[in-house]
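Undergrad: Okay, handing you the structure first.
Residue numbers (the numbering used here): 22 to 425.
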């Protein structure tokens, strides 16, 4: 069937076929993109996602400790006329405009939104791949929860990674009564200012977290970790070792012959179009936008999803897409259920002097977490209404990738 016909602004092709848009991934970016595409009701939208539900990635640390459920049904967040396939893309044939799926099926498309997110990046630590657990996705969080639930009363959990993700995981598990050791490697909460960092360390201390801020794990055993502190190696007991050391993109773009960056993200121009094929538009953590760097976070993903949808709709209408424009407001890490650190930032994500801590910050973080889902719900009900902060006038800095 021919899929190359010209499309008018109302979405109707000259040959009568509705333009088909496939959205790979239904996280914060993909779900937002899918809903915003309904600005043109003539567009046929299909979402491909490995799970049959939306996963609130910023609540995975709560799932691990049993204090929250990150699952939200697609019928609650996606527009009613959105088709959802529970499957995984294995290859994109850009020449044939076809996505091959793990089930053996395939999808033809006119435009593709690439929003598959990221996964854990295994560091060069001996034994990590064999013995460590990862917090980057739904499957990894399930494994951690099973391990933590099976721990004895006095057994210790080691969390490797001093970014905001590692801090949240360590604090959440510590609040359940388990002994927790947090090994920072290059320091704790290095993406925030000094005041916020000191507050974070105090809150971790109140929960009994043993912070080894300058220690570096050099080996992970089945029930041990070896830590290098000032050149001296110490073997410590660790009934469960969790890695929160950063993320990388799955290999889908690379195996499909699309240009990627050093951690596998789809390289895109300033309008989110793939450098290799302007029918492929990137969004969220899995895209590296030419000329700017955005911290991996739902704060960046939802605006990117909206702008990806706008870019596709512009292309369908025969118009030029807008250049990406978005900025940051804050970095926030929950530290258990009753405290948090809220670091306000400039639009380029660099920290300001404004910091909120304790219960007020915890309440604010919870409001923010709920609002991320509400943003997607509202976009389903009123496509095109989601808005975001514009970006800085200067170059965006690159913060620590593990910070969420």
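Just so it is clear, CB atoms sit at the ideal spot from N, CA and C, and this is done for glycine as well.
Looking at residue 120: is its Cβ nearer than 8 Å to the Cβ of residue 99?
TA: Position 99 of the chain shown, counted from the first residue, corresponds to residue 120. Position 78 of the chain shown, counted from the first residue, corresponds to residue 99. Taking 8 Å as the Cβ cut-off, residue 120 and residue 99 do not qualify as a contacting pair.
Undergrad: Helix, strand or coil for residue 367? Go by DSSP, reduced to three states.
TA: On the chain shown, residue 367 is found 346 positions in, with the first residue counted as 1. Coil at residue 367, not helix or strand.
Undergrad: Just the C-alpha distance for residue 78 and residue 247, rounded to the nearest angstrom, thanks.
TA: For the purposes of this step, residue 78 is taken as residue 57 along the chain shown, with counting starting at 1. For the purposes of this step, residue 247 is taken as residue 226 along the chain shown, with counting starting at 1. Distance between the alpha carbons of residue 78 and residue 247 is about 29 Å.
Undergrad: Buried or exposed: where does residue 154 fall if 16 or more other Cβ atoms within 10 Å of its Cβ makes it buried?
TA: Within the chain shown, numbered from 1, the residue matching residue 154 stands at position 133. By the 10 Å Cβ count, residue 154 comes out buried.
Undergrad: Work out the CA separation of residue 266 and residue 356 for me, nearest whole Å.
TA: By one-based count along the chain shown, residue 356 stands at place 335. By one-based count along the chain shown, residue 266 stands at place 245. Distance between the alpha carbons of residue 356 and residue 266: 18 Å.
Undergrad: Measuring only the C-alpha atoms, how far is residue 337 from residue 328?
TA: Reading the chain shown from its first residue, position 316 is the one you call residue 337. Reading the chain shown from its first residue, position 307 is the one you call residue 328. Straight-line Cα distance between these residues: approximately 14 Å.
Undergrad: Judging by CA-CA distance, which residue of 175, 303, 50 and 396 is the nearest neighbour of residue 406?
TA: For the purposes of this step, residue 406 is taken as the residue at position 385 of the chain shown. If we check each option's Cα against that of residue 406, 396 comes out closest.
Undergrad: Among 335, 263 and 402, which one has its Cα closest to the Cα of residue 11?
TA: Absent from the model: residue 11. The displayed extent of the chain is 22 to 425, so no value can be given.
Undergrad: Short of 6 Å in beta carbon distance, which residues of its chain neighbour residue 104, apart from the five on each side in sequence? Order them along the chain.
TA: Locating residue 104 in the chain shown gives position 83, where the first residue counts as 1. Here the set comprises 67.
Undergrad: Taking residue 203 and residue 169 to be in contact with their CB atoms under 8 Å, please state how far apart those CB atoms are, rounded to whole angstroms.
TA: Position 182 of the chain shown holds residue 203. Position 148 of the chain shown holds residue 169. Between residue 169 and residue 203 the Cβ distance is about 15 Å, and since that is not below 8 Å, they are no contact.
Undergrad: Specify, as a first and last residue, the run of the beta strand (DSSP E) that residue 67 falls within.
TA: Within the chain shown, the letter at position 46 stands for residue 67. Looking at the DSSP string, the run of the beta strand (DSSP E) that includes residue 67 is 65–70.
Undergrad: Here's the rule I'm using: 16 or more other beta-carbon atoms within 10 Å means buried, otherwise exposed. How should residue 306 be labelled?
TA: What you label residue 306 is simply residue 285 of the chain shown in a count that begins at 1. It counts as buried.
Undergrad: Out of curiosity, what's the CA-to-CA distance linking residue 176 and residue 86?
TA: Position 155 of the chain shown, counted from the start, is the residue given in the question as residue 176. Position 65 of the chain shown, counted from the start, is the residue given in the question as residue 86. One C-alpha to the other measures close to 15 Å.
Undergrad: Quick check: the segment 375–388 against the segment 291–302, are there 3 or more CB pairs under 8 Å?
TA: No contact exists between the segment 375–388 and the segment 291–302.
Undergrad: Just verifying my parser: in three-state terms, what is the DSSP assignment at residue 105?
TA: What you label residue 105 is simply residue 84 of the chain shown in a count that begins at 1. Three-state result, residue 105: strand.
Undergrad: If you run the structure through DSSP and keep just helix, strand and coil, what is residue 49?
TA: Position 28 of the chain shown, counted from the first residue, corresponds to residue 49. Correct three-state label for residue 49: helix.
Undergrad: Under 7 Å Cβ to Cβ from residue 351, same chain only, skipping five residues before and after it: list those, please.
TA: Mapped onto the chain shown, residue 351 falls at position 330. If we look at residue 351 and ignore the five residues flanking it on each side, its Cβ neighbours are 363, 364, 365 and 366.
Undergrad: May I have a chain-ordered list of the beta strand (DSSP E) segments no shorter than 3 residues that lie completely inside the segment 151–197?
TA: Segments of the beta strand (DSSP E) lying fully in the segment 151–197: 177–181.
Undergrad: Since residue 295 sits in a beta bridge, which residues does DSSP pair it with?
TA: Taking the chain shown and counting its residues from 1, one reaches residue 295 at position 274. Partner(s): 289.
Undergrad: Mind listing, in chain order, the continuous alpha helix (DSSP H) runs of no fewer than 4 residues lying wholly within the segment 229–315?
TA: DSSP runs (the alpha helix (DSSP H)) wholly in the segment 229–315: 273–276.
Undergrad: Straight-line CA distance for residue 208 to residue 45?
TA: Along the chain shown, read from residue 1 onward, the residue named residue 208 stands at position 187. Along the chain shown, read from residue 1 onward, the residue named residue 45 stands at position 24. Whole-angstrom Cα-Cα distance: 35 Å.
Undergrad: I'd like to confirm the pairing. Which residues does DSSP put opposite residue 355 in its beta bridges?
TA: Position 334 of the chain shown, counted from the first residue, corresponds to residue 355. In DSSP, residue 355 forms a bridge with 361.
Undergrad: I need the DSSP call for residue 80, collapsed to helix, strand or coil.
TA: By 1-based counting over the chain shown, the position of residue 80 is 59. Residue 80 falls in the helix class under three-state DSSP.
Undergrad: Grab the span of the beta strand (DSSP E) containing residue 320 for me, first residue to last.
TA: By one-based count along the chain shown, residue 320 stands at place 299. Careful: residue 320 lies outside any beta strand (DSSP E), inside the alpha helix (DSSP H) at 319–337.
Undergrad: Give the straight-line distance between the Cα atoms of residue 80 and residue 188, rounded to the nearest whole angstrom.
TA: Stepping through the chain shown from its first residue, residue 80 is reached at position 59. Stepping through the chain shown from its first residue, residue 188 is reached at position 167. Straight-line Cα distance between these residues: approximately 13 Å.
Undergrad: At the level of alpha carbons, what is the spacing between residue 225 and residue 361?
TA: Position 204 of the chain shown, counting from 1, holds the residue named residue 225. Position 340 of the chain shown, counting from 1, holds the residue named residue 361. Their backbone Cα atoms lie some 10 Å apart in a straight line.
Undergrad: Between residue 371 and the ligand COA, is the CB less than 7 Å from at least one heavy atom?
TA: The ligand COA is absent from the structure shown, which contains no ligand whatsoever.
Undergrad: I'd like to know whether the C-beta atoms of residue 250 and residue 270 end up nearer to each other than 8 Å.
TA: Residue numbering aside, residue 250 sits at position 229 when the chain shown is read from its first letter. Residue numbering aside, residue 270 sits at position 249 when the chain shown is read from its first letter. Not in contact: residue 250 and residue 270 (Cβ atoms no closer than 8 Å).
Undergrad: Does the beta-carbon of residue 174 have 16 or more other beta-carbons within 10 angstroms, so that it is buried, or is it exposed?
TA: Numbered from 1 along the chain shown, position 153 holds the residue referred to as residue 174. By the neighbour-count rule (16 or more Cβ atoms within 10 Å), residue 174 is not buried but exposed.
Undergrad: Between 402, 277, 230 and 83, which lies nearest to residue 112 when the distance is taken from Cα to Cα?
TA: Mapped onto the chain shown, residue 112 falls at position 91. Per the Cα distances, 277.
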